[in-house]
Amino acid sequence: MTNELDIFVGNTTLIDEDVYRLWLDGYSVSDAVARRVRSGILEQTGATAAVLQSDTMDHYRTFHMLERLLHAPPKLLHQLIFQIPPSRQALLIERYYAFDEAFVREVLGKKLSKGTKKDLDDISTKTGITLKSCRRQFDNFKRVFKVVEEMRGSLVDNIQQHFLLSDRLSRDYAAIVFFANNRFETGKKKLQYLSFGDFAFCAELMIQNWTLGAVDSQVDDMDVDLDKEFLQDLKELKVLVADKDLLDLHKSLVCTALRGKLSVFSEMEANFKNLSRGLVNVAAKLIHNKDVRDLFVDLIEKFVEPCRSDHWPLNDVRLFLNQYSASVHSLDGFRHQTLWDRYMGTLRGCLLRLYHD
Amino acid sequence: MPGKLKVKIVAGRHLPVMDRASDLTDAFVEVKFGNTTFKTDVYLKSLNPQWNSEWFKFEVDDEDLQDEPLQITVLDHDTYSANDAIGKVYIDIDPLLYSEAATVISGWFPIYDTIHGIRGEINVIVKVDLFNDLNRFRQSSCGVKFFCTTSIPKCYRAVIIHGFVEELVVNEDPEYQWIDRIRTPRASNEARQRLISLMSGELQRKIGLKVLEMRGNAVVGYLQCFDLEGESGLVVRAIGTACTLDKLSSPAAFLPACNSPSKEMKESPLVHPPSLGCRSTQNSPIHTATGSRLTQNFSVSVPTLIYTGMGSGSAGKEGGPFKALLRQQTQSALEQREFPFFTLTAFPPGFLVHVGGVVSARSVKLLDRIHNPDEPETRDAWWAEIRQEIKSHAKALGCHAVVGYSESTSICEEVCILSASGTAAVLNPRFLQDGTVEGCLEQRLEENLPVGCGFCHIPYDELNMPFPAHLTYCYNCRKQKVPDVLFTTIDLPTDAAVVGKGCLIQARLCRLKKKAQAEANATAISNLLPFMEYEVHTQLMNKLKLKGMNALFGLRIQITVGENMLMGLASATGVYLAALPTPGGIQIAGKTPNDGSYEQHISHMQKKINDTIAKNKELYEINPPEISEEVIGSPIPEPRQRSRLLRSQSESSDEVIELDLSHGKKDAFVLEIDDTDAMEDVHSLLTDVPPPSGFYSCNTEIMPGINNWTSEIQMFTSVRVIRLSSLNLTNQALNKNFNDLCENLLKSLYFKLRSMIPCCLCHVNFTVSLPEDELIQVTVTAVAITFDKNQALQTIKTHVEKSLQRASTDNEELLQFPLELCSDSLPPHPFPPAKEHLESASSNSGIPAAQRATSVDYSSFADRCSSWIELIKLKAQTIRRGSIKTTVTVEKASPVAEGNFRNRSAPPCANSTVGVVKMTPLSFIPGAKITKYLGIINMFFIRETTSLREEGGVSGFLHAFIAEVFAMVRAHVAALGGNAVVSYIMKQCVFMENPNKNQAQCLINVSGDAVVFVRESDLEVISTQQPTANCQPLCTGGEVTT
């Protein structure tokens, strides 16, 4: 006796959160059943393994049918086939678009292309996330990217509107899209200690200040591309390190202000010129795409690592960066105050976030 | 030209991509009614076209309006080749044809294609202008209301219940016409869908005409079925109960009359004094002699009446070499009516006087091509014959009517089993006549009979019983005789006194049959049928005893015929009726009493059975008050005395068995284990596992013993097909497989719905079919309803009910409300008066039961109960008081209440654009009040695929299809302005597959009543009702947001 056909259809579509999670995690039906058995559900409910198998199959089939709709969440809201309460719809969408930290760190900043997709095998092996789940997450990234890539208006709002995600998740996706578009390098060994949250934080700052949208809210791709004109102008900052007088003046202003306030004052004083050169050179190079990609590597190499090797406490880094940015306003010969603020305001936020072990 | 149909095509959305090059679609719409077709403009390059068409107007006869469906076809325009069809929408415009129902159909309909399923949606508006037609000889029956509900619909009262109406129409099945060889599957499916739509329209119109003839205005308990007879054609048949209904809000209040005991009623000749208990019914004034001849050819000699009025039909076959035996001519002096049948299963109070027992009849027929579709005499004659038999069975039981009546067929190749069954009953004829509605409760009131046992009293003569039965004095009133067991096909009467809870009881049976052709096949089946009936009854009886119960309600026995086997499935809800005697146990007797080890085995089994009975009694809370036998003073030898002599009796029982199903002769039931078969039977008795704790199930409308429903409902359909291994097909193996299939299915349901605990599966409806040699298909539709775990409520409930009854005799209008109070009294937050109450209530209110943790805090349990009792008492009093104050104006008060309810019910989901449509096989929605019936939903769909694997195999295919059917039903209801379907039923689910060809096909037929309901979460409105009737009840509640 074998079950040829075995289905259950409710007027309200039944969603089992646990099974949904197993499905999202890419487990096959038999693996999912095994996991459910291990969770002790049989003892709790007095069901048999066959019942569990049938139930799991049913849910998997439902999810499979829902998946098409989940690719365009507004469709899920308007479709008539599955009657699902709004709270459940939201849960389905949110969970479907949720991603694993380990996975996102692997693909963050990579081009969301077929090539990367081929590497999913390796990512799966490396992270222990099933290939199926990796594919779903990758396809989600790509789908969101494709939809909002060339859209007007705020990136977060667009994502929220087209994918009905929570504010938090929309922001994360905005970061992913921004990173993918600008292809920031995040995979280098030096950057391994950084979490997705660190990058997402930086992305948000950069979107707010460095993109076209920061100056004009009526352009295409406004939040996705960096403001080219701004990057061009950044070359002007070079004078801060190229002009020796200016550099000395800057240093003395910072040192005067911070004397007695830093536990690493002498190290700071000794390293000031190096640090300043590092930060300004990063700015000056950003006009080249390749250097944009290496932004984070450069920041780590030029600033985070030197400070860390001298054991700067985070608070000292904060004090230093504040003073370093502010002092420029007192440099008489320097005419690019606004530009400096636009650059350094964001960079200061990023550096503080990146400065940890 | 009595009608103008107007249609406007507004827009489409989510259309499929028809042009691969542009990834877009150039869609336009054809609107067809009868032979007239209109087209919209082509809306270029869009998946969300906005046609916003003009009003297309069709000027048509109302006859056509009833028969024809409106057919909307969405197409993709193609300049160079033929336009591609995207899909279709059929809209039944019948609901627009009677005044009280919907006035407009407007909304988003899924665009359906028989090959691809749902492909986007289309927004349509349909209106009808009807002109009054004075032609007396008209062929239409516009204005007759149809209800699937098998009781008087909630917002109506029955003025007269006229009786049985039936009709059938036949046609050739397009699938089997020669042209089918050359046309596409899509064209063939569409031809079939359209034909069936037409036929059901025609059928409904013809039934309507009959109703008008009887001077009724509605059909209640309308049941329409299709017989797919294959080569020999397509039969659409329907039965129903013609009624004259009145909208309840109309001033002529019905209930007051019913409750006020008036003097002249005492003189009423209509009441059967139950003490007469005459078998003949000459004391009924409506009986006039009408001679009717009945021919019946018996192929097996079986007693027609078996256990407790359980009539077993005899199998017959027409034509061929079989000589017709002329059955004795029966002078039936029963009714003026040809068939005093009622498809209702629940009745107005006082309608049902006595219940005799189940009557059923079956007949095996050979199908023959229908030669002349316009004269479907053969099929008519077949059914007439069966109905006659049912009628005579009922007469033999001393009953003049059959209630809870239904008909069904099972077809395999050219053999067809026709079945009919119902419950023989004595009715109060007041309802059946013109102008004498008043006085329906008089019997109860006058004779001072305790409520809830009258219907159990035997209608037949004690000394001249139609079958051997065991009578005792009613345990409730001690005045009248009752049988020891009662089987019925109806719902449990609301006033019946029940001990404990009920449960679903099923008898399952398979019998192998040799493959045979034509007549030989029919004979083989005929020969098997009586044995199957016998075994099904034995099983039901055993299981009933095992549960410690004494009555079955909602009994439905389905016999399915296949190529090489017959299947029997009986479902019913077992209850313990307080009026009937306590059932005896089950005694096992061995054949070889000398064998010691055998004896031991037997006693072991006996112990197991006794344990099970004890466990069941506990589980279903069956603890009837002990009555000493002297009190009863029964003149009949008390059965229990005899139970000790069982051993000796078991020998003598040998002679009795064969086909005398009079198990009632013995109190304790003897199961003889004389061979392995019997052993199997006993084992199978014990294999039925009770549902997990927190779950109850029944196949009736309501679960006896549970009243505190909460509002969460989940209707579902589950289908399973198993393939039998053809190697060892024995009866036992088959039985086991079938039993496992059903049990596993139930287990799966319990598991799936575990989040709703505590809950009850109501109206569990199993359907068995045998699509192929080794396949068994079981389809289950039911609804899970949560209830409040506060069990104490039900013991209190009787008090409440009584106080309410008292209250309602003071003021009758309120009779509408007591019902609601009892069934919908939860969640308890509507009673805010005392702080402690609030506290106790807060743990229950708001949160749906399912979301609460299963562990319930029992420490405060007792407190909560007691406060509950207080609350309810208090409530009952306020109602009484309040109602007295407003005596004059209560009529107006009910709309106010409605208005208030509506205002309070917030839209369920503010951000969702799709309104929620509830579906339920029950006639009511817990915690809500049905305010309007919008018309009948009767839909037929075919789905076919040639890419079965790609669609997820058979399971994926059927899962998607059933989900689509639900969606289309919901969309139609929403477009009518409704928010629920009640009395929903999936009448047919025919599934065929051919995995080798990667093909599958499925036909589904569903029906139900579209309604508007309003949540009734505020009960205090009743007590604070004010005579401000400025609030008009609107038809659409806040729930519908489409």
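Going line by line, the protein sequences match chains A and B.
Taking numbering that gives the first Met the number 0, the leading residue of the first sequence gets 0, the next gets one more, and so forth.
Taking numbering that gives the first Met the number 0, the leading residue of the second sequence gets 0, the next gets one more, and so forth.
Every residue, glycine too, gets a C-beta built ideally from N, C-alpha and C.
Option nearest residue i by Cα separation, candidates the options
i	options	result
B:V779	B:V718, B:R722 and B:D379	B:V718
B:T72	B:D83, B:T78 and B:D63	B:D83
B:H392	B:K5, B:L685 and B:V357	B:V357
B:K87	B:E67, B:F108, B:T78 and B:L95	B:F108
B:A186	B:M755, B:D112 and B:P1	B:D112
A:L246	A:F333, A:D15, A:L168 and A:I286	A:F333
A:N181	A:M56, A:G259, A:K109 and A:M267	A:K109
A:L65	A:R87, A:D166, A:S153 and A:L294	A:R87
B:M938	B:K209, B:A966, B:V913 and B:G955	B:A966
B:L1002	B:V363, B:S362 and B:I114	B:I114
A:I80	B:Q1000, B:E620 and B:V916	B:V916
B:A506	B:L618, B:T537, B:L933 and B:D490	B:T537
A:R20	A:D309, A:A49 and A:S132	A:S132
B:E47	B:I195, B:E120, B:P689 and B:V968	Reading the sequence as shown, one finds Asn at residue 47 of chain B and not Glu. Among B:I195, B:E120, B:P689 and B:V968, the Cα nearest to that of B:N47 belongs to B:E120.
B:L576	B:F346, B:V484 and B:L618	B:V484
Whole-number beta carbon distance between residue j and residue i, since they are thought to touch under 8 Å
i	j	result
B:F715	A:A46	That belief does not hold up - the Cβ atoms of B:F715 and A:A46 are roughly 17 Å apart, past 8 Å.
A:V240	A:S275	6 Å
Alpha-carbon to alpha-carbon, residue j and residue i
i	j	result
B:R12	B:R180	35 Å
B:L396	B:A970	47 Å
B:I90	B:S1006	14 Å
B:K144	A:L164	47 Å
A:V147	A:D340	29 Å
B:I104	B:D739	46 Å
A:V18	B:L511	41 Å
B:R378	B:Y175	19 Å
A:P312	A:K187	25 Å
A:N273	A:E300	11 Å
B:L247	B:L508	45 Å
B:L545	B:F694	19 Å
B:I124	B:H958	30 Å
B:G573	B:L551	5 Å
A:A31	A:Q136	19 Å
B:G142	B:F340	23 Å
B:V1013	B:L565	46 Å
B:A157	B:T522	45 Å
The alpha helix (DSSP H) enclosing residue i, as first and last residue numbers
i	result
B:Q203	P184 to E212
B:D83	Taken as a continuous stretch (DSSP letters only), B:D83 belongs to no alpha helix (DSSP H), being part of the beta strand (DSSP E) at D83 to I90.
B:P770	Taken as a continuous stretch (DSSP letters only), B:P770 belongs to no alpha helix (DSSP H), being part of the beta strand (DSSP E) at C758 to E771.
B:M985	Careful: B:M985 lies outside any alpha helix (DSSP H), inside the beta strand (DSSP E) at A979 to N993.
A:L245	K243 to L257
A:L76	P72 to H77
A:Y19	E16 to L23
Start and end residues, beta strand (DSSP E) containing residue i
i	result
B:W50	Looking at the DSSP string, B:W50 is not in any beta strand (DSSP E), and its letter there is neither H nor E.
B:S570	M564 to L576
B:Y111	I104 to D112
B:A10	G2 to R12
Within-8 Å CB hit, residue i to chain E
i	result
A:F271	In the structure shown, chain E cannot be found, because the protein chains are A and B.
query = Curious, which full-length beta strand (DSSP E) runs of at least 3 residues does the region 470-526 of chain B contain?
reply = Runs of the beta strand (DSSP E) inside the region 470-526 of chain B: 470-472, 480-482 and 497-511.
Could you name each continuous alpha helix (DSSP H) segment of 4 residues or more that falls completely within the region 105-153 of chain A, going from the start of the chain to the end? Restricted to the region 105-153 of chain A, the alpha helix (DSSP H) segments that are unbroken, complete and at least 4 residues in length are 113-117, 119-126 and 130-147, listed in chain order.
(request) Could you name each continuous alpha helix (DSSP H) segment of 4 residues or more that falls completely within the region 267-323 of chain A, going from the start of the chain to the end? (result) Counting only unbroken stretches of 4 or more residues, the alpha helix (DSSP H) elements lying wholly within the region 267-323 of chain A are 288-292, 294-298 and 304-308, in sequence order.
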